[in-house]
Amino acid sequence: MALSKVDVVVVGSGAGGGVTACVLAEAGLSVVVLEKGRWHSPFEERKDDLINQRSSLLGVAYGPDEERNPRVFVGLDGRERIVYPRQGEYQPNASCVGGGTVSYGGQAWRFMPQDFRMRSIYGAVPGSTLEDWPIGYADLEPYYERAEYEIGVSGDVAPDPFKGPRRKPLPMPPLQPRPREYDILGPAALRLGLHPFDTPLLINSVPYQGRSACMRIRWCVGFACETGAKNGTHNTVIPRALATGHAELRPSCTVKEILFDDRARATGVAYLDEHNRLQEQPAGVVVVSAGATESARLLLLSTHRLFRTGLGNRHDWVGRNLTGHTYTGAIGFFEQVTYDDVGPGVAISVCDYNHGTPGIVGGGMLANDFIRTPIQVTDLQPPGVPSWGKAHKDFMRRYFTRNILVFGPTQDLPTWDGRVQLDPTVKDYWGIPVLRISGDSHEQTIVTANRQAERAEAWLQEAGAAITWQRKAGRGVSGHQHQSGTCRMGNDPKTSVVDATCRVHDVPNVFVIDASVHVTNGGFNPVLTIFANAYRAAELLATAWKGGGLRG
Amino acid sequence: MDDSGAIGRRGFIKAGSVAAAGAALSCGTSAAPWRALTDQEATTLAVACDHIVPPDQDPGASEAGVVTFVDRQLATRQKKDLGFWRAGIAGLDATARRRHGAPFARLPSARQVEVLRAIEKGAGDAADWRGAAPGAFFQRLRQYTMMGFYGDPRHGGNRHRVAWAMVGLPDPPIRGRLHETPPPAVAPRALAPAEAPPKARGAASRRSALVHRP
Chain U
2 MALSKVDVVV VGSGAGGGVT ACVLAEAGLS VVVLEKGRWH SPFEERKDDL INQRSSLLGV
62 AYGPDEERNP RVFVGLDGRE RIVYPRQGEY QPNASCVGGG TVSYGGQAWR FMPQDFRMRS
122 IYGAVPGSTL EDWPIGYADL EPYYERAEYE IGVSGDVAPD PFKGPRRKPL PMPPLQPRPR
182 EYDILGPAAL RLGLHPFDTP LLINSVPYQG RSACMRIRWC VGFACETGAK NGTHNTVIPR
242 ALATGHAELR PSCTVKEILF DDRARATGVA YLDEHNRLQE QPAGVVVVSA GATESARLLL
302 LSTHRLFRTG LGNRHDWVGR NLTGHTYTGA IGFFEQVTYD DVGPGVAISV CDYNHGTPGI
362 VGGGMLANDF IRTPIQVTDL QPPGVPSWGK AHKDFMRRYF TRNILVFGPT QDLPTWDGRV
422 QLDPTVKDYW GIPVLRISGD SHEQTIVTAN RQAERAEAWL QEAGAAITWQ RKAGRGVSGH
482 QHQSGTCRMG NDPKTSVVDA TCRVHDVPNV FVIDASVHVT NGGFNPVLTI FANAYRAAEL
542 LATAWKGGGL RG
Chain P
3 MDDSGAIGRR GFIKAGSVAA AGAALSCGTS AAPWRALTDQ EATTLAVACD HIVPPDQDPG
63 ASEAGVVTFV DRQLATRQKK DLGFWRAGIA GLDATARRRH GAPFARLPSA RQVEVLRAIE
123 KGAGDAADWR GAAPGAFFQR LRQYTMMGFY GDPRHGGNRH RVAWAMVGLP DPPIRGRLHE
183 TPPPAVAPRA LAPAEAPPKA RGAASRRSAL VHRP
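Chains as they are written, first to last, in my numbering: chain U, 2 to 553; chain P, 3 to 216.
So, in structure tokens, the structure goes:
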């Protein structure tokens, strides 16, 4: 039985879907948002250091449901196994109203202008599908600004000489007081000739838009915020969308496929509601914003006689180029106490190493890490210290309060074989084929990431660390919370899935608006770019709708 | 999800008695208090985890409630792993018998460490390790001991936050909501398990949680 038709159905309420729903609803379109996860109340926050988005040792806190949503992971040895959301191989991202933005760390980076032109700058890299974006930094700049002001960003990026041009400063000053790590790392960076500055964060340093300033607790990254001081779609754009009166949010709804008419025009979606009843939601436009792994899955599940292997997949691009970030860095142990119990912890960054190193393709930002719980330090013992026994306990006793981590996201080079596809046999709770994840890192990514680890160690040594060691790059396809690339944006339908407006090439009225469309993922946490591109794409969509071009 | 049930409390007390008895095989004659493990498995586990985080000036793993932590997990969230743990603990005992002629918990401490080092490297007779590979079991034992010792007390380990006090992590000056018992008024090690403070709720306990312990 079909429900009443709406102008737009949005699949997913994370960074992409939340912004899209808000822009469309405020433009006067009727919108239904279908979210697979549930709405988490801040009052149920447990601050469990073993069950959260950062340390999911005993389980995940913000979805997806662990029993209902397996995946298949193909290891580097070719062996397949079923994996669950708490495992890294799953490439997990939160699944709830607000998606990853509820529990993220909230680093609010603009990509640099070079990040949109990687192919032009570095040329063809053998073994990589490296390409330029069809849009540039200048196209996104106004929308970056809009995201910074409407969602809310604190920090001070003015001292960063490598950033792209910007018209306005960040709307909020950095969190005060700065953590102790800032004071230790800052002078060292200057002595090394680097250009440190206050990390931009989607966290209120002052009361903003009716929500309070951050209370600086230690359970920040990986946790929801009780006071609403951490800004995600769940406490900014989604409430705004709902306040218009013509947007509806339906949590706990799992979309099964996009429905089409005979001419392959989308007519809506089929989904399983919170009681697992099959429903059909007719819509004039379908927007897919389920994250780079699940958005690709939904396209592959949505078939028609004109595209039997999945929507947008006529040239076999859907699900390929899965990229996240390769995190490397260094750990420094100090004689003095560095721990101050002040969250969120990350505070100081440099962008000196994002581009411009001879022989290196790209690079990444480096920053001090988020504040750590004891369980997170139990694996940080330096080489030579055993991983258990009296010596390990002594290590914990002495160094839990005396360590600093400098890490950063190295820009992954996309590859044809780093991908998600539908598994031929394994199904989820609802009988829908699950994702099968496979691929390896590009070797140049490993080189770059390991260079970043050397640089991080040099910074810590300059800062006076008594013992330092590098965390080098591990191999394997990367996705995780920074997953991107699986529905590439491009002008040529033969080598991309969506056009520059994020519309799927094959059909007139299906859009993908999330990190799936990122051609490359920058050397930065990608969420602000997802926000900005969603503002841009949703605005274009609203304009097209009003011009009548999208109505069947 | 709520780990404060009555059976959990009994397990909690039991873990203390294992430690109090110096990890000897002295567990009571009453019905097993554990939710998933047998008495004997719990005793072997208590001895093994005390090598991962040994007692010294601060409590070791079993005193901090690691066995309770593991037992609760195997009765709840990680139910499907019970067979793996059971096989691993049996493998540990079988390896001890094969190499040194006695079950793991009865060996001298130095021999116990030898056995743990061997299985850490994956060594072990295949006949002793059915259903759990020695290396994989060691890694699980280590990981769960770390979680039970250093992790959140709500899961039955890290009793009275002994690990957090040990590493110098202050009780939080600000908390969104009170979920746990307040810190004990006396030094944790002096507190007998039966005197564990009641689960506190309400405004009075919230105030006490705001006191910043040095």
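Backbone N, C-alpha and C fix where the C-beta goes; we use that ideal spot for every residue, glycine too.
Output yes or no for whether 9 Å exceeds the beta carbon distance between residue i and residue j.
i, j, result
"Ile-438/U", "Val-478/U", "yes"
"Leu-202/U", "Ala-109/U", "yes"
"Pro-460/U", "Val-378/U", "The sequence shown places Trp at residue 460/U, not Pro. The answer is no: Cβ separation not under 9 Å."
"His-506/U", "Ser-497/U", "yes"
"His-519/U", "Gly-486/U", "yes"
"Val-68/P", "Ala-48/P", "yes"
"Gly-99/U", "His-196/U", "no"
"Met-1/U", "Gly-524/U", "Lying outside 2 to 553, the shown extent of chain U, residue 1/U is not represented and no answer is given."
"Ala-454/U", "Arg-476/U", "no"
"Arg-88/P", "Gly-133/P", "yes"
Looking at the unbroken alpha helix (DSSP H) that takes in residue i, where does it start and where does it end?
i, result
"Gln-114/P", "111-122"
"Asp-395/U", "391-400"
"Trp-546/U", "528-547"
"Glu-146/U", "138-148"
"Ala-450/U", "444-463"
"Ile-54/P", "41-54"
Please compile the residues from chain U whose C-beta is within a distance smaller than 8 Å of the C-beta of residue i.
i, result
"Ile-121/P", "Going along chain U, no residue has its Cβ under 8 Å from Ile-121/P, so there is no contact; the nearest lies around 12 Å."
"Asp-58/P", "Lys-391, Lys-394"
"Trp-166/P", "Pro-375"
Check the Cβ of residue i against every Cβ in chain U and list those closer than 9 Å, keeping chain order.
i, result
"Gln-42/P", "Those do not exist, as Gln-42/P stays about 23 Å from chain U at its closest Cβ, beyond 9 Å."
Quick one: is residue i near chain P, going by C-beta distance under 9 Å?
i, result
"Val-207/U", "no"
"Arg-398/U", "yes"
"Phe-401/U", "yes"
"Gly-385/U", "no"
"Ile-376/U", "yes"
"Asp-353/U", "no"
"Asp-58/U", "This sequence places Leu at residue 58/U; Asp is not what is there. Leu-58/U counts as touching chain P."
"Ala-543/U", "no"
"Arg-47/U", "yes"
Taking 8 Å as the limit between beta carbons, can you name the residues of its chain near residue i, skipping five residues before and five after?
i, result
"Leu-551/U", "Gly-285, Val-286, Pro-509, Asn-510, Leu-542, Ala-545"
Strictly below 7 Å CB to CB, what residues from chain P border residue i?
i, result
"Thr-449/U", "Result: empty, since nearest Cβ-Cβ is about 30 Å, beyond 7 Å."
"Tyr-388/U", "Note that residue 388/U corresponds to Ser in the displayed sequence, not to Tyr. The answer, in chain order, is Arg-144."
"Thr-379/U", "Met-148, Tyr-152"
Using a Cβ-Cβ distance cut-off of 9 Å, determine whether residue i contacts chain U.
i, result
"Ala-112/P", "no"
"Thr-46/P", "no"
"Ile-54/P", "yes"
"Leu-84/P", "no"
"Arg-79/P", "yes"
"Arg-156/P", "yes"
"Leu-39/P", "no"
"Leu-171/P", "yes"
"Val-117/P", "no"
For a contact meaning CB atoms closer than 8 Å, what does residue i contact in chain P?
i, result
"Thr-339/U", "Those do not exist, as Thr-339/U stays about 11 Å from chain P at its closest Cβ, beyond 8 Å."
"Leu-250/U", "What Leu-250/U touches in chain P: nothing, since even the nearest Cβ is about 25 Å away."
"Ile-531/U", "Ordered by position in chain P, no residue passes the 8 Å Cβ test against Ile-531/U, which lies about 28 Å from the chain."
"Leu-51/U", "Met-149, Gly-153, Asp-154, His-157"
Starting from the C-beta of residue i, find all residues in its chain whose C-beta is less than 6 Å away, skip the five residues before and the five after it, and write them out in chain order.
i, result
"Ala-265/U", "His-305, Leu-307, Val-508"
"Thr-31/P", "Its pLDDT being 44, under 50, Thr-31/P is placed unreliably in this model, and the coordinates cannot settle the point."
"Lys-37/U", "Ser-96, Thr-255"
"Pro-383/U", "Ile-468, Trp-470"
"Asn-526/U", "Gln-108, Trp-110"
"Leu-193/U", "Glu-463"
"Asp-317/U", "none"
Starting from the C-beta of residue i, find all residues in its chain whose C-beta is less than 7 Å away, skip the five residues before and the five after it, and write them out in chain order.
i, result
"Cys-215/U", "Leu-176, Ile-204, Asn-205, Ser-206, Ala-230"
"Ala-26/U", "Val-32, Ala-242, Thr-245, His-247, Ala-248"
"Glu-540/U", "Val-24"
"Ala-148/U", "Leu-529, Phe-532, Ala-533, Tyr-536"
Kindly indicate the opening and closing residues of the beta strand (DSSP E) around residue i.
i, result
"Pro-127/U", "From DSSP, Pro-127/U is part of no beta strand (DSSP E); its letter is neither H nor E."
"Leu-406/U", "404-412"
"Gln-280/U", "279-289"
"Gln-471/U", "468-472"
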